[in-house]
Amino acid sequence: MSTFVFKNRDWNYTPVSNIFIDKYMPKARGEFVKVYLLGLKYCVSGELGVNSSIMASTLHLLETDVINAWSYWNDEGIIRMIPLDNMGNFTIEFLNITESTETSTDNINLLEELNNNSTKDMLQDIEKLLGRPLSTKEMTMYISWIKDFSFPPEIILLLIQYCVSKGKTDCRYIETIAISWYDAKIKTVEDAQTFIKKHEDKWTNIRKILNYMGMKDAEVMKPQEEMLTKWLSTYNFPLNVIFKACEICFQRINKADFKYIDGILSSWYRDGLKNLEDIEKKDSKKTFKKPGNFKAKLDNFNNYEQRNYNFDELEKKLLGWDNND
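All you need for the numbering used here is the position in the sequence shown, starting with 1, plus 962.
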C-alpha cells in the first residue's frame, strides 16, 4: 500500500485547467482521469495525504489503477511524482499546466522556416523515417527543438531514427525522448550515441532481471523501473548479485516482490557487499548456538530443584516387568 503526500495550494475550490480538459483528458483512460481529479481535490482542500487503498476504495478502483494513474500523469508532465522512501510513498505536486505547455512554437513562422533548405531537408527526412507526412503541429515542434533545445538537424534525425527503431512513432513519445535528451545535455551526435548505448545497456539488463523474475518490461511501473535503475546504476550491483537477491525472495515468500528484493539489496549495499564472494563470506561468519550448549534460564517456571528419574525402572513398571522374578 502506498501513501501520497500532496503539496497544498490554498484554494477554496477545485480548479481544473481547460488545457487538461482539451488536451489531456480525451486521450487518458477514465480511471486515470478520476484519480487526477480526486487527487487535485485533496490537494486544494488542504488534505495532507492519502493512501492508495483509500483512493481506490473511494473511486471503486484497484490500488494498481491508482499507482498506474499517477505514473501516467507524471510521464505526461502535468504532475511531479517524487519518491519519499523505498516503501512506495510519494510526494505528488500538481504542476501549472499553462506554464508547462506554453512553448516558443507559437512564435515560429512555419512558412519562413520552410524557406531554409536545411530545415526543409530535415523535415522531409523525418517524413521518410516515419513513413507519413508531418502535420503542421509536428513540423513546428521539430523546428522549435533547434531553437529551444539547441539540437542541430542531425541530432533530431538521430532521435527520430531511434524512436522508429523501437516501434514508437507517435508525436508524444518522440517529444518525451527529446526532453530526456535535452535534460541529459546532449549537444552532439557522439553525445546522443553514448546516451543511447547507456540507455539500451540498462534496459538489456533490466529485461534480464525481469525475465528472471518471470515478468515482462511492459508490466513494469515507474516506481519499479526506478528501483531497477537504482540496483544497476546507484548500487552498481552485477546481475548475479541481483539474481541472488531474487532467489532469496523466492525462497522466503514464494513470489517476486520488488520491495522485498530492494530491502535485501539495500542491506547489502549498506554493508559494503559488492559481489557474491562478499555475500558468502558474510553468511559464513554467522554463528549459531549449538543445541548442546543450551541452558534454560531460571525463572518462576523452572526455579526449583530438578528431579532425577531412572528411566529404565520407569519403563519396567509401565510394562509390568517389575513384578517378574
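Quick reminder that beta carbons are idealized off the backbone N, C-alpha and C, glycines included.
By DSSP, does residue i sit in helix, in strand, or in coil?
| i | result |
| --- | --- |
| E1009 | coil |
| M1101 | helix |
| T965 | strand |
| F1263 | In this prediction, F1263 scores a pLDDT of 49, lower than 50, which makes its location untrustworthy; the coordinate-derived value is nonetheless stated afterwards. F1263: coil per DSSP, three-state reduction. |
| N1079 | helix |
| F1111 | coil |
| L1121 | helix |
| L1002 | helix |
| G992 | helix |
Please report the distance separating the alpha-carbon of residue i from that of residue j.
| i | j | result |
| --- | --- | --- |
| I983 | K1236 | 50 Å |
| T1081 | I1117 | 13 Å |
| N1071 | D1110 | 15 Å |
| L1119 | D1145 | 18 Å |
| V978 | P1115 | 38 Å |
| S1246 | L1238 | 12 Å |
| E1100 | S1106 | 10 Å |
| L1091 | S1097 | 14 Å |
| N1173 | Q1123 | 27 Å |
| D1087 | L1121 | 12 Å |
| L1012 | T965 | The residue asked about is misnamed: residue 1012 is Val in this sequence, not Leu. In a straight line, the C-alpha of V1012 is about 6 Å away from that of T965. |
| L1010 | L1076 | 51 Å |
| L1024 | A1031 | 11 Å |
| T976 | C1005 | 9 Å |
| W1165 | S1195 | 12 Å |
| S1229 | E1055 | 30 Å |
| N1198 | N1078 | 47 Å |
Following the continuous alpha helix (DSSP H) through residue i, name the residue where it begins and the one where it ends.
| i | result |
| --- | --- |
| D1053 | Just to set this straight, residue 1053 is Thr in the shown sequence, not Asp. Element bounds for T1053: not the alpha helix (DSSP H) but the beta strand (DSSP E), F1052 to F1056. |
| M1017 | S1014 to L1021 |
| L1201 | L1201 to I1215 |
| P1185 | K1184 to T1191 |
| M1175 | V1151 to M1175 |
| T1026 | E1025 to E1038 |
| F1220 | F1220 to R1232 |
| T1138 | C1133 to D1145 |
Starting from residue i, trace the beta strand (DSSP E) in both directions and tell me its first and last residue.
| i | result |
| --- | --- |
| P1045 | I1041 to P1045 |
CB-CB under 7 Å to residue i, same chain, minus the five flanking residues each way: which ones, in chain order?
| i | result |
| --- | --- |
| T1249 | Here the model assigns T1249 a pLDDT of 49, short of 50, so the residue's position is not dependable and the matter cannot be decided. |
| D1219 | C1211 |
If you drop the 5 nearest sequence neighbours on each side, which residues of the same chain put their C-beta closer than 8 Å to that of residue i?
| i | result |
| --- | --- |
| S1112 | K1149 |
| L1057 | G1039, I1040, I1041 and R1042 |
Using a Cβ distance threshold of 8 Å, determine whether the segment 989 to 997 contacts the segment 1149 to 1158, with at least three qualifying pairs required.
no
Under 8 Å, with one C-beta from each stretch per pair, do the segment 1152 to 1162 and the segment 1182 to 1194 reach the 3-pair mark?
no
Is the segment 1034 to 1044 in contact with the segment 1009 to 1019, if contact means three or more CB pairs nearer than 8 Å?
no
Any 3 or more C-beta pairs closer than 8 Å across the segment 1168 to 1176 and the segment 1125 to 1134
no
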